[in-house]
Amino acid sequence: MSRKTLSRRAVLRGVLASGAAITVGLPMLESMLNSNGTALAGGDPIPQRFLSYFFGNGFLLNRFVPAATGPNYPLSEQLQPLAPIKDYCSVITGMNNLCEKLITHHEGITIFTGATMVNIQGLSSNPGGPTIDQLVADAIEASGVVTPVKSIQMGISRQLSYMDGGTTMHNLSHRGPNQPLPPEFSPNEVWNNLFGSFTPMNDPSGPLRMSVLDAVKDQTAALKKRLGQTDKQRLDAHLEGVNELEKKLEAVPPVCQAPGIPGEDNPPVNGPEPIIKVNQLMADLLAYAFECDVTRVASVLLVGGAAGTVLYDIGTNNEHHLATHNGQASVQNGIVHNGIVYQMQRFSDFLQTLKNKTDPTGGNLLDNTICFFSSDCAEGYTHSVQKQPMIVAGKGGGYLKYPGIHYASAGGNPSDVLLTVLQAFNPAATSVGQLVPGPNSNKAPGSTSPFLEIKA
Amino acid sequence: MRNTFLATAIFTALIGSVFTSACSGDIGKLPFDTGGAGGAGAGGPGGNGTGGDPIDNPQFSPAPGGIRKLLARQYVNSIRVILGETAANSASPPEDSTLNEFETLAAAELALPPTAVEAYETSARDVASAVIFDPPSLQKIVPCTPTGPDDANCYKQVIEGVGHQLWRRPLTEEEVTPIIAIGVAAGTEYGNFNFGVEYALSTLLQSPYFIYTVEIGTQDPDHPDWFKLTGPELATRLSLFLNDSTPDKDLLTLAEGGGLETEDQLRTVARDLLKRPDARAALNSFYDVLFKLRDLPNTTKDAAVFPAWSSAVGQSSRLETLMFLEDLVWNQNADYRTFYNANYTFVDTTMANFYGVTPPSGSGFTKVTLPAEQKRTGLFGHAGYLARYSHAAQTSITRRGAFIANMILCSEIPPPPPGVNTTLPDFDPSKPMTKKETLIQVHYSDDQCKGCHSKMDPYAFPLEVYDGSGKYRTKDENGLSLDPTGEVADFGAFASVSEMGQLMHDDPRAMNCIVSNLFKQSMGHKEIKGERPAILSIQNAFEASGFKLQEAMVEIVASPAFSYVNLPK
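Residue numbers (our numbering), protein chains in the order written: chain A, 94 to 549; chain B, 879 to 1447.
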């Protein structure tokens, strides 16, 4: 059997049939910029990217919070790993996570959603709304930009909590309470998601696959009519997935140099996980994807809250989470501190990888990225979410202050920071998160007032 | 033995104390989702729903219908049944999530991420391609000789035939027509009928009608709020539950012909399906997920502290528990309570060496009685459970105890209260204390902590004779003697693992709990109030059978809670 090739016109017909204008993964060449380099020649703004980054079990505030505020803040012991990119980092301390229900560890998600969790039952919960990365991804899409991959979710340590139920503790990204976007732990699979699906222009399977997806959409629409609200929403998510696949199929293969397959699956292991290596591979892949404009939004779950992760690289043999609960000796002899510094170093590695990559539109990728970082609590041993630190990194194309600052808040609302980040991608956004207090609460965790101190 | 616990629990629910989240009540939380839909028949005080057919009980009301995603193994098994082994080997559905310990709850409640939709497309294309390049598989689904690559009539026969099995119901003409068009377009494009089959098959496999099982039913004339599942819907529900697979042709034909109408018909079919080898595999998967046995080969242990632990021990300890259950449930079809007080287990060479008994000749597992001084008793002596619910370098009384409270007794333990310093004091050589003594000092000195910890920690006090890898020891890591005594209110006092296991054997909550867990597994929802009479009926039948787990599964299938649904969720 031999397969004929289909005419390019047929491919274009398939693209055009979908209606929308498609922005695809073309390289951003300098020639595409306008004369003063502030926008693309066509008037479109220079692409801005978003990254959320997380590790669980908190910090030791007395070794994390910088000793002074403002632009020339001194790096604390636990911030020391950020030294090479310090100017790109604004550190915000002293804000109180306003989550209305405390389960331990779960409430960290409120920093990323601005909403209290739902479906709470024992050690189970789902987030109360979409996470910031998905709000940003929707904002980018609403601005008319369609990248082949709307957003990508990456995970580093597979040893997530096995005592917690629900979706909160195992997924940093959510589109809604019942729609987690699970992290992908295999660099090979991340490569495949980002670079593996482009079909050559002359491959006839493209339009045929599109016609299959059309039929699937019609079937899904018919099924939806017979269902209730919950299942309708689930099928809407299914349709969203079909739409995203269509965009991938429609996308022209990127002209920029795609990276080779990493050759690392990061499989589940009985023993040390390759945390440093996998974090670096994920950073490399994301840098390529940002450079090629394959995607503009990503999240990274380094180590989960209450996770089973053992940070063997620092010479410990027990879970980092357990160390935060295992007596003052763990704190004093440095196990907890060393674990936090180790994880901060991974965060720094990730940011440095973006900084070390030239953005085709000028500068480096971190110049045109906003990264939002936090944990699931301020300090692990109490699970306190009072004074929970956050870091907003990157220049955001000039949106954020550079050099960054340390701002010590007297109990501000972390969702104000979230709103500031969202407004970088959707200037018309007026709020984020849950604005109406839940039962037995007088203060909702959402925000309508952006935090301006970190804005340029 | 009556279901006195449950009756009490229902009464407690009605007087309201169940709505508090603290561990202040005497019996823990009622194992029903009191907030769920479909609780129309809440009924009067005391609710004696134990007598008679639950369907005639005015308090009975089924749970909402809707759609549930096939689990990954159900997807692959369905393809194996319908398209053959070659096709099944090419299938690569997205991984399942779990929600509150159950894959079936996630499959009924969570939306799919875009990566899953893409995985379904990839899998469908691979399966379809495997079929057309494998003549025997292709022959199975092409009943006609095509006149050419655009033979619409032959495509129609293919789609109607294999579609009927894949979608577990006949396709309407409206549904078939667009798929014929895809077949014709692809066949024409490539100049080959088989490529048309490939794309038509890929469409059927990517369809929500294959990926999700649809449970909507038809309105019941006697109860307008209820909908009786159609024959094929019911056949699918029971095949997925009992065999992790799609109904085969015979069962689908039986169901379409009205052969799944009465409770006795359902019992007969269920018993037949339970005789199939895939029923054992399905139950193994249930335990693999619920008890986290599948994690064991990749459970990290500090090699310096637990030198006996390895990935191989993890895998063999997983199989030990599964072999034990396979023997109890299938080979012996014996009293399920034995799971908690057995004085025997199953070992292969790896586990024999681990437990310090003579290895069996041959490579498989053999039934053995372990040395009496180790006091291993049923599940509570299995290294897999003991190791999974421990830390990497030490035991965890709280995790082992929480597992028993939550998964064996179905009493939900709320999270720690906010703002509590959860740090345990360091080991002080001048005042040496065992972990049990430390926990009692910390958890019991504070009423906030004691309320819940006294309902989970003590179960694991006697289990301290097993280290964090499940190995027997007489002294703890600091050389201190271990005190195996414990007491839990409403459960009893015990002075050893075997006494604790015996109390578990005798506790009706443990038997109600396994019914509850199977119920969730079978239908993908947490029990709701309206289902109480049906569940009580299943529990009573389970008891009457002498606690034969197969009978619990049969009675779930025969229950009106299984045959009827409310409006779709």
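Using N, Cα and C, we set each Cβ at its ideal position, and we do this for glycine too.
**Request:** Might you give, ordered along the chain, the residues of its own chain that have their beta carbon closer than 6 Å to the beta carbon of residue 981 of chain B, omitting 5 neighbours on each side?
**Result:** Your numbering for residue 981 of chain B matches position 103 in the second sequence. Apart from the 5 residues on each side of it in sequence, residue 981 of chain B sits with its Cβ closer than 6 Å to the Cβ of 949, 974, 1167 in its chain, given in chain order.
**Among B/1372, B/1194, B/1146, B/1200, the one whose alpha carbon lies nearest that of residue 1163 of chain B** = Counting from 1 along the second sequence, the entry for residue 1163 of chain B is found at position 285. When C-alpha distances from residue 1163 of chain B are compared across B/1372, B/1194, B/1146, B/1200, the shortest belongs to B/1200.
**Among B/976, B/958, B/977, nearest to residue 968 of chain B - alpha-carbon criterion** = Translated into the one-based positions of the second sequence, residue 968 of chain B becomes position 90. Of the listed residues, the one whose Cα sits closest to residue 968 of chain B is B/958.
**Prompt:** For the stretch 152 to 159 of chain A against the stretch 399 to 416 of chain A, are there 3 or more C-beta pairs whose distance is under 8 Å?
**Reply:** In the pairwise beta carbon analysis, the stretch 152 to 159 of chain A is classified as not touching the stretch 399 to 416 of chain A: fewer than three pairs are separated by under 8 Å.
**Asked** Is DSSP giving residue 1220 of chain B helix, strand or coil here?
**Response** The residue you call residue 1220 of chain B lines up with position 342 of the second sequence. Residue 1220 of chain B: coil per DSSP, three-state reduction.
**Request:** Going by CA-CA distance only, name the one from A/461, A/370, A/412 that's closest to residue 1269 of chain B.
**Result:** For the purposes of this step, residue 1269 of chain B is taken as residue 391 along the second sequence, with counting starting at 1. Minimum Cα distance to residue 1269 of chain B is reached at A/412.
**Prompt:** Is residue 1322 of chain B buried or exposed, if buried means 16 or more other CB atoms sit within 10 Å of its CB?
**Reply:** Mapped onto the second sequence, residue 1322 of chain B falls at position 444. It is exposed - the Cβ of residue 1322 of chain B has fewer than 16 other Cβ atoms within 10 Å.
**Message:** Can you pull the chain B neighbours of residue 357 of chain A, defined as C-beta to C-beta under 8 Å?
**Reply:** Locating residue 357 of chain A in the first sequence gives position 264, counting from the first residue. Here the premise fails: no neighbours, minimum Cβ distance about 17 Å.
**Cα-Cα separation, residue 536 of chain A to residue 476 of chain A** = Numbered from its first residue, the first sequence carries residue 536 of chain A at position 443. Numbered from its first residue, the first sequence carries residue 476 of chain A at position 383. When only Cα atoms are considered, residue 536 of chain A and residue 476 of chain A end up about 20 Å apart.
**Prompt:** Could one say the Cβ of residue 321 of chain A lies closer than 7 Å to chain B's Cβ atoms, at least one of them?
**Reply:** As a position in the first sequence, residue 321 of chain A is number 228, starting the count at 1. Chain B contact via Cβ: present.
**Asked** CB-CB under 8 Å to residue 1038 of chain B, same chain, minus the five flanking residues each way: which ones, in chain order?
**Response** Working through the second sequence from its first residue, we reach residue 1038 of chain B at position 160. Taking C-beta separations shorter than 8 Å and ignoring five residues to either side along the sequence, the partners of residue 1038 of chain B in its chain run 1048, 1049, 1054, following chain order.
**Message:** When you compare the CB positions of residue 1195 of chain B and residue 1175 of chain B, do they come within less than 7 Å of one another, or not?
**Reply:** Start at 1 with the first residue of the second sequence, and residue 1195 of chain B comes out as number 317. Start at 1 with the first residue of the second sequence, and residue 1175 of chain B comes out as number 297. At least 7 Å separates the beta-carbon of residue 1195 of chain B from that of residue 1175 of chain B.
**Request:** Spell out whether any CB of chain B is found under 7 Å from the CB atom of residue 47 of chain A.
**Result:** No statement about residue 47 of chain A is possible, as the shown extent of chain A runs from 94 to 549 and does not include it.
**Prompt:** For residue 988 of chain B, which residues in chain A fall below 8 Å Cβ to Cβ?
**Reply:** Counting from 1 along the second sequence, the entry for residue 988 of chain B is found at position 110. The contacting residues are 260, 271, 272, 273, 327.
**Item:** N-terminal and C-terminal residue of the beta strand (DSSP E) that residue 345 of chain A is part of
**Value:** Reading the first sequence from its first residue, position 252 is the one you call residue 345 of chain A. Boundaries for residue 345 of chain A: no beta strand (DSSP E) harbours it, and the DSSP string shows neither H nor E there.
**Request:** Go through its chain and collect everything with a Cβ distance to residue 162 of chain A's Cβ below 8 Å, but skip five positions before and after it.
**Result:** For the purposes of this step, residue 162 of chain A is taken as residue 69 along the first sequence, with counting starting at 1. Only 498, 499, 500, 501 meet the Cβ criterion.
**Run of the alpha helix (DSSP H) containing residue 535 of chain A, from where it starts to where it stops** = Here residue 535 of chain A is taken as the residue at index 442 of the first sequence, counted from 1. In the DSSP assignment, residue 535 of chain A falls outside any alpha helix (DSSP H) and carries neither an H nor an E.
**Message:** Alpha carbons only, please: which of A/523, A/484, A/496 is nearest the one belonging to residue 186 of chain A?
**Reply:** Indexing the first sequence from 1 puts residue 186 of chain A at position 93. Out of A/523, A/484, A/496, A/484 has the C-alpha closest to the C-alpha of residue 186 of chain A.
**Prompt:** In angstroms, rounded to a whole number, what distance separates the CA positions of residue 351 of chain A and residue 391 of chain A?
**Reply:** Position 258 of the first sequence holds residue 351 of chain A. Position 298 of the first sequence holds residue 391 of chain A. Here the C-alpha atom of residue 351 of chain A lies approximately 18 Å from the C-alpha atom of residue 391 of chain A.
**Request:** Kindly indicate if chain A contains any beta-carbon less than 7 Å away from that of residue 1081 of chain B.
**Result:** To locate residue 1081 of chain B, count along the second sequence from 1; it is residue 203. Put simply, the CB of residue 1081 of chain B is near chain A, with a gap under 7 Å to one of its CB atoms.
**Request:** Could you name the residues of the stretch 1148 to 1180 of chain B whose beta carbon sits closer than 7 Å to any beta carbon of chain A, in the order they occur along the chain?
**Result:** For the stretch 1148 to 1180 of chain B, the beta-carbon criterion of a distance under 7 Å to any beta-carbon of chain A is satisfied by 1170, 1173, 1175, 1176, 1177, 1178, 1180.
**Asked** How do the stretch 505 to 513 of chain A and the stretch 189 to 203 of chain A stand: do at least 3 beta-carbon pairs fall below 8 Å, yes or no?
**Response** Yes: the two stretches touch, three or more of their Cβ pairs being nearer than 8 Å.
**Asked** Can you list, in chain order, the residues of the stretch 1256 to 1270 of chain B whose Cβ is nearer than 9 Å to any Cβ on chain A?
**Response** Cβ contacts with chain A come from 1266, 1267, 1269, 1270.
**Request:** Kindly identify the DSSP beta-bridge partner or partners of residue 403 of chain A.
**Result:** Residue numbering aside, residue 403 of chain A sits at position 310 when the first sequence is read from its first letter. For residue 403 of chain A, the beta-bridge partners assigned by DSSP are A/412.
**Prompt:** Among B/1156, B/1299, B/1097, B/1333, which one has its Cα closest to the Cα of residue 1292 of chain B?
**Reply:** Along the second sequence, read from residue 1 onward, the residue named residue 1292 of chain B stands at position 414. Proximity to residue 1292 of chain B across B/1156, B/1299, B/1097, B/1333 peaks at B/1333, based on C-alpha coordinates.
**Request:** Residues of the stretch 329 to 341 of chain A with a CB closer than 7 Å to any CB of chain B: list them in chain order, please.
**Result:** Listed by position along the chain: 330, 331, 333, 334, 335, 337, 338.
**Closer than 7 Å to chain B by CB, residue 203 of chain A** = Reading the first sequence from its first residue, position 110 is the one you call residue 203 of chain A. With respect to chain B, the C-beta atom of residue 203 of chain A has no partner C-beta closer than 7 Å.
**Request:** Name, in chain order, the residues that DSSP records as bridge partners for residue 267 of chain A.
**Result:** Your numbering for residue 267 of chain A matches position 174 in the first sequence. The secondary-structure analysis by DSSP pairs residue 267 of chain A across a beta bridge with A/273.
**Message:** Pop quiz: residue 1067 of chain B and residue 306 of chain A are said to be a contact at Cβ under 8 Å. What is the actual Cβ separation, rounded to whole angstroms?
**Reply:** Position 189 of the second sequence, counting from 1, holds the residue named residue 1067 of chain B. Position 213 of the first sequence, counting from 1, holds the residue named residue 306 of chain A. Not quite, the Cβ-Cβ distance comes to about 16 Å (not below 8 Å), so this is no contact.
**Prompt:** Would you say residue 822 of chain B reaches chain A, if we count a Cβ-Cβ gap shorter than 7 Å as a contact?
**Reply:** In the structure as shown, chain B starts at 879 and stops at 1447, and residue 822 of chain B therefore has no counterpart that could be examined.
**Message:** Taking its Cβ as the centre, do 16 or more other Cβ atoms sit within 10 Å of residue 503 of chain A, making it buried, or is it exposed?
**Reply:** In the first sequence, counting from the first residue as 1, residue 503 of chain A sits at position 410. Exposed.
**Backbone CA spacing between residue 1399 of chain B and residue 983 of chain B [nearest angstrom]** = Here residue 1399 of chain B refers to the residue found at position 521 of the second sequence. Here residue 983 of chain B refers to the residue found at position 105 of the second sequence. Their Cα atoms are separated by approximately 8 Å.
**Pair within 7 Å by beta-carbon distance, residue 1310 of chain B and residue 1358 of chain B** = Your numbering for residue 1310 of chain B matches position 432 in the second sequence. Your numbering for residue 1358 of chain B matches position 480 in the second sequence. Their beta carbons are under 7 Å apart, which means residue 1310 of chain B touches residue 1358 of chain B by this criterion.
**Request:** Determine the direct distance from the alpha carbon of residue 998 of chain B to that of residue 947 of chain B, and round the result to whole angstroms.
**Result:** As a first step, residue 947 of chain B is located in the second sequence; it is residue number 69 there, counting from the start. As a first step, residue 998 of chain B is located in the second sequence; it is residue number 120 there, counting from the start. Answer to the nearest angstrom: the Cα atoms are 12 Å apart.
**Prompt:** Does any CB atom of chain B fall closer than 7 Å to the CB of residue 312 of chain A?
**Reply:** As a position in the first sequence, residue 312 of chain A is number 219, starting the count at 1. A Cβ of chain B is located within less than 7 Å of the beta carbon of residue 312 of chain A.
**Residues within the stretch 1282 to 1315 of chain B neighbouring chain A, beta-carbon criterion of under 9 Å** = Using a CB distance below 9 Å, the part of the stretch 1282 to 1315 of chain B facing chain A consists of 1284, 1290, 1291, 1292, 1293, 1294, 1295, 1296, 1297, 1298, 1299, 1300, 1301, 1302, 1303, 1304, 1305, ordered along the chain.
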